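Enquirer: My structure is below; once you've seen it, I'll send some questions.
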Amino acid sequence: MTEKKKKHPPAGQFITTQFNSLLGWARKFSLFHYPFVTACCGMEYMSAACAHFDIDRFGAGWTRFSPRQSDMLLVVGTISQKEAPVLRTVYDQMTEPKWVIAFGTCAVSGGIYDNYAVVQGIDQIIPVDVYIPGCPPRPETVLDGLLKLQEKIQHQDHDWRWKKKRS
Amino acid sequence: MPTRIQKQARQDTMLLNMGPSHPAMHGTIRIMLELDGERIVNSEVEVGYLHRGFEKTCEYRTYFSLLPYTDRLNYVSPLINNLGYVMTVEKMLGVEVPERAQFIRVLMSELSRISDHLTCLAAMAMECGAFTVFLYKMKAREFLWDVIEQTTGARMTTSYIRIGGVRADLHPGFDTVLKKAVEETRSVLKDVHGLLDKNKIFLNRTRDVAVISRDDAVSFGWTGPCLRSTGVSYDVRKAHPYLVYDRLKWEVPLGERGDNYDRYLVRMKEMEQSLRIIEQAAVRLPKSSRAFIAAGLPPAQAIRESRRRRVRTDIALSPNLEGSEGSRYPNILASGKGFVVPPKEETYTTIEGLIDHFKFFMRGHGLRPPKGEAYFAVEGGNGELGFYIVSDGTDRPYRLHLRAPCFHIVSALEQLIRGRYVADVIPTFGSMNMIGGELDR
Amino acid sequence: MEEKTILERLSKEFPGGVRETATSLGDEVVAIDKGALLQIAAFLRDGPGKFSMLLDLTCVDYAGEEPRFEMVYHLFSLLRNQRLRVKTRLSESDLRISSLTSLWKNADWLEREVYDLFGVHFEGHPDLRRLFMYDGFEGHPLRKDYPLRRRQPLIRLKE
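Chains as they are written, first to last, in my numbering: chain A, 8 to 174; chain B, 1208 to 1648; chain C, 9 to 167.
The structure is reproduced here in structure tokens:
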């Protein structure tokens, strides 16, 4: 009530948080994903994208096969050591805001392949937002992961303030 | 480091990289094209982007526990890979599989083969622009995967075909769900024939494109639908029949010209033949013995009770083990110790069963084929899928090598696209059905 | 021509080259001298055997034995519907063998794979370089002395 220690937030911050939520709502329902498909999980990705388990109803249906045009990188399948620079390049080419989903245990942690040829999880290369485990994950799991990402995007702080200093 | 094509390219041509992450490259191939306008003067194919160390990893696993690795080789038809591996080990062990299990294996292989061809042609058609075909075929594939899931427990990576037989018997509602899947697949195939067979655009893109002669195809080691599209009639199921293929009536479709269109048509016709095989196998399955479902306690409680009262109790197995009750074992798994997991009723209630179970899974004991080597080939979705296993008498394979059919098919890609347009690369590559897991192992 | 005869025919034509013939588990196997490989392969392809297809070409590392490596070739005759396995031993100090690219076109990639994973050098191969592993990878992964988990990352990995 009358706590002198607490600084009252300026009244305009209500508007900015609502605008942030609006931006989050717009972004989460219009995800253009780049399916970086390598291996078996690609089959479940195809299933998730097609008529039976539709990801289009969540707004993420449009596949953009160019990193410049997409904002979600869906890393599907095993990433071998040879493929790692390619993944890094593709991630770097994407423009902000961007999110990454690690689809399948091979992308999450290397999966059953703990050997000389496989990267043990793509978070050794790029930052990951949502991890979807499964070998391969069922399409329902994929949709659940997508919903979690959407939740994350909704509550994320979107850098839209032009006054904000960047480190 | 400059690749071969970068070193050899002429000054007046352009180098275009269809990199490893490309929609039409099915994920993991890099094709570097040397272009003169739109014509491909030269090309270089680089593979290995999905090399997962399968062969080396298998040397560190026991014969039983490396079964999931085989699922992930040709991941669109995992049951056929399981089958190839398992039959090689059975050849080394000299195991005879029960008849019902053989029919089930044939049925499952053909379901896998249909889903392989569906995926291949769906991707090929989608990349040529026919997106509807892709959606229709994925719909049919879902019905097939329903069948597979209800029988094996998993949609894709099943590990269902085990050494000595199959993991579990078919469930009671199998015939209904199979019938539905076959009907849906038939109707989808009919629709796709109507959409693509005489479609001017599809014909322009695939007729007389990337033609390969019979001699070249044989010299390249092509097998499977790609070889049969050139007119050579070689199908491992007819040439070296295994399981019950020689008892079923079906034909081998052949093409004439060895171009993309023939590869597409041969696959479509093979799917119809596979449906024929499935229907015959479903009818001719030998009857299964009735499962004895004990009206008893769950295992942990049964052990406690028996310990307290020193009486053997009947146990009720968990629903996960439906189909693999002990009374079903004569149908689905070969008899004999050492290479088959003993039935759970025995494991939980008798000491001999417990010892057998323990010895099967313990390192150094389990399945130990005699010292020697064997090569066995089955007809995979792409051709002759062969496994070459060298055993040194221990419980781990000394060397396991996979003869991947699409490896040889893709090695001919450079020759096939030379002199063609860039746009021809897409249907050519699609019709070859390159599966990264099999190509790169 | 019956199946037994191809092995007998081979032993007769190349008495010095053929070391041993056998039938194991229904497969015909012939062990030959590495110097005679090209001649025997050409005879098998063009001669009465008509082995028109090279199914597979691989190598096995028998670490601890001498000679250490063994090349295994699987040939197939479409006309006669018969498979044949040809084996030859290579020692580590002299890891070279003639290439079969002049006879079968798929030997190109198959030999590149064996070179990549085992280090066997194929004489007469037009373009012998790594197939699966990348430039800069040191060693040959499928040899028994290469540890399973020795990774050589191309880019800097975190953690």
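Beta carbons are placed, not taken as given, at the ideal position from N, Cα and C, and that holds for glycine.
On a predicted model such as this, the values are computed, not experimentally measured, just so you know.
#1: Under 9 angstroms Cβ-Cβ, which residues of chain B neighbour A:Val-125?
#2: For B:Ala-1359, which residues of its own chain have a beta-carbon under 6 angstroms away from its beta-carbon, when the five flanking residues on both sides are left out?
#3: Hey, could you find the ends of the beta strand (DSSP E) A:Met-79 is sitting in?
#4: In three-state DSSP terms, what is A:Pro-42?
#5: Decide if the region 76-86 of chain C is in contact with the region 22-29 of chain C; the criterion is three or more beta carbon pairs, one per stretch, under 8 angstroms apart.
#6: Listed in chain order, which residues of the region 20-40 of chain A have Cβ atoms closer than 8 angstroms to some Cβ of chain C?
#7: Are B:Leu-1461 and B:Ser-1440 close, meaning C-beta to C-beta below 8 angstroms?
#8: Beta strand (DSSP E) containing B:Met-1569: first to last residue?
#9: Would you mind working out which of C:Ile-14, C:Asp-135, C:Asp-41 sits nearest C:Asp-35, comparing C-alpha positions?
#10: Just the C-alpha distance for B:Leu-1646 and C:Trp-117, rounded to the nearest angstrom, thanks.
#11: Run through the DSSP bridge pairs and tell me what C:Leu-83 is partnered with.
#12: Per DSSP, C:Ala-1 is paired with what?
#13: Which chain A residues sit within Cβ distance under 8 angstroms of B:Gly-1226?
#14: Would you call the region 77-92 of chain A and the region 116-133 of chain A touching, i.e. three or more CB-CB distances under 8 angstroms?
#15: Whole angstroms is fine: what's the gap from C:Glu-11's alpha carbon to B:Ala-1509's?
#16: Using C-beta distances below 6 angstroms, list every residue in its chain close to B:Met-1475, excluding the 5 sequence neighbours before and after it, in chain order.
#17: Is B:Gly-1545 helix, strand or coil by DSSP?
#18: So for B:Ser-1525, helix, strand or coil by DSSP?
#19: Can you list, in chain order, the residues of its chain with a C-beta nearer than 6 angstroms to that of B:Asn-1224? Leave out the 5 residues immediately preceding and following it.
#20: On the DSSP letters alone, give me the boundaries of the beta strand (DSSP E) that B:Ala-1584 sits inside.
#21: Quick check on B:Thr-1269 - is its C-beta less than 8 angstroms from some C-beta in chain A?
#22: According to the neighbour-count rule (16 or more other Cβ atoms, all chains shown, within 10 Å of its Cβ), is B:His-1258 buried or exposed?
#23: Buried or exposed, going by whether 16 or more other CB atoms sit within 10 Å of the CB of B:Pro-1604?
#24: Output needed for C:Ser-99: all residues of its chain with C-beta closer than 7 angstroms, excluding positions within five of it in sequence on either side, in chain order.
#25: Taking 7 angstroms as the limit between beta carbons, can you name the residues of its chain near A:Trp-167, skipping five residues before and five after?
#26: Taking contact to mean 3 or more Cβ pairs, one atom from each stretch, closer than 8 angstroms, check whether the region 1243-1263 of chain B and the region 1214-1222 of chain B are in contact.
#27: Are C:Leu-125 and C:Leu-150 close, meaning C-beta to C-beta below 8 angstroms?
#28: Rounded to whole angstroms, what is the Cα-Cα separation between A:Gln-175 and A:Ala-67?
#29: Report back the beta-carbon spacing between B:Arg-1348 and B:Ser-1531 to the nearest angstrom; my notes put them in contact at under 8 angstroms.
#30: Quick one: what does DSSP say B:Pro-1604 is sitting in, helix, strand or coil?
#31: Could you confirm whether any beta carbon from chain B is found closer than 8 angstroms to the beta carbon of C:Leu-33?
#32: Using CA atoms only, rank isn't needed, just tell me which of A:Thr-102, A:Gln-76, A:Ile-62, A:Pro-140 is closest to A:Cys-48.
#33: In chain order, what residues of the same chain have a beta carbon less than 7 angstroms from the beta carbon of A:Leu-117, not counting five sequence neighbours either side?
#34: Distance cutoff 8 angstroms, beta carbons only. Does B:Arg-1279 sit that close to anything in chain A?
#35: May I have the straight-line CA-CA distance separating C:Val-122 from B:Ser-1481, to the nearest angstrom?
Expert: This is what the structure holds:
#1: Simply His-1258, Arg-1259, Gly-1260.
#2: First, the residue type needs correcting, since residue 1359 of chain B is Thr and not Ala in the sequence shown. Contacts found: Thr-1365, Tyr-1367.
#3: Unbroken beta strand (DSSP E) run through A:Met-79: 79-83.
#4: DSSP places A:Pro-42 in strand when its eight states are reduced to three.
#5: Taking a cut-off of 8 angstroms for Cβ pairs, the region 76-86 of chain C and the region 22-29 of chain C do not touch, as fewer than three such pairs fall below it.
#6: Within the region 20-40 of chain A, no residue has a Cβ that lies closer than 8 angstroms to any Cβ of chain C.
#7: The Cβ-Cβ distance between B:Leu-1461 and B:Ser-1440 falls below 8 angstroms.
#8: Here B:Met-1569 belongs to no beta strand (DSSP E), and DSSP marks it neither H nor E.
#9: Measuring from the Cα of C:Asp-35, the nearest candidate turns out to be C:Ile-14.
#10: So the alpha carbons of these two residues sit roughly 11 angstroms apart.
#11: In the DSSP assignment, C:Leu-83 forms a beta bridge with C:Leu-62, C:Leu-92.
#12: Residue numbering for chain C in the displayed model covers 9 to 167; residue 1 of chain C lies beyond these limits and cannot be assessed.
#13: Around B:Gly-1226, the beta-carbon contacts reaching into chain A at under 8 angstroms are Val-93.
#14: The answer is yes - the region 116-133 of chain A touches the region 77-92 of chain A, with three or more Cβ pairs under 8 angstroms.
#15: Any reading at C:Glu-11 is ruled out, since the residue's pLDDT is 48, under 50, leaving its predicted position unreliable.
#16: Cβ contact annotation for B:Met-1475 (same chain, cutoff 6 angstroms, sequence separation greater than five): none.
#17: Note: B:Gly-1545 maps to coil in three-state DSSP.
#18: Coil, per DSSP.
#19: The answer, listed in chain order, is Met-1239.
#20: DSSP places B:Ala-1584 inside the beta strand (DSSP E), whose first and last residues are 1579-1586.
#21: Any Cβ of chain A closer than 8 angstroms to the Cβ of B:Thr-1269 would place that residue at the interface, and such an atom is absent.
#22: When all chains shown are included, B:His-1258 counts as buried.
#23: Buried, because 16 or more other Cβ atoms sit within 10 Å of the Cβ of B:Pro-1604.
#24: Glu-74, Pro-75, Arg-76, listed in sequence order.
#25: Hits under 7 angstroms: Leu-30.
#26: They touch, by the three-pair rule.
#27: Going by C-beta atoms, C:Leu-125 is nearer than 8 angstroms to C:Leu-150.
#28: The shown model of chain A, from 8 to 174, leaves out residue 175 of chain A, and the question about it has no answer.
#29: Distance from B:Arg-1348 to B:Ser-1531 at the Cβ level is roughly 26 angstroms; contact not present, criterion being Cβ atoms closer than 8 angstroms.
#30: Note: B:Pro-1604 maps to strand in three-state DSSP.
#31: With respect to chain B, the C-beta atom of C:Leu-33 has a partner C-beta closer than 8 angstroms.
#32: Minimum Cα distance to A:Cys-48 is reached at A:Pro-140.
#33: Per the sequence shown, residue 117 of chain A should be read as Gly rather than Leu. These residues qualify, in order along the chain: Val-125, Val-126, Gln-127, Gly-128.
#34: It does: the Cβ of B:Arg-1279 has a partner Cβ on chain A nearer than 8 angstroms.
#35: The C-alpha of C:Val-122 lies about 35 angstroms from the C-alpha of B:Ser-1481.
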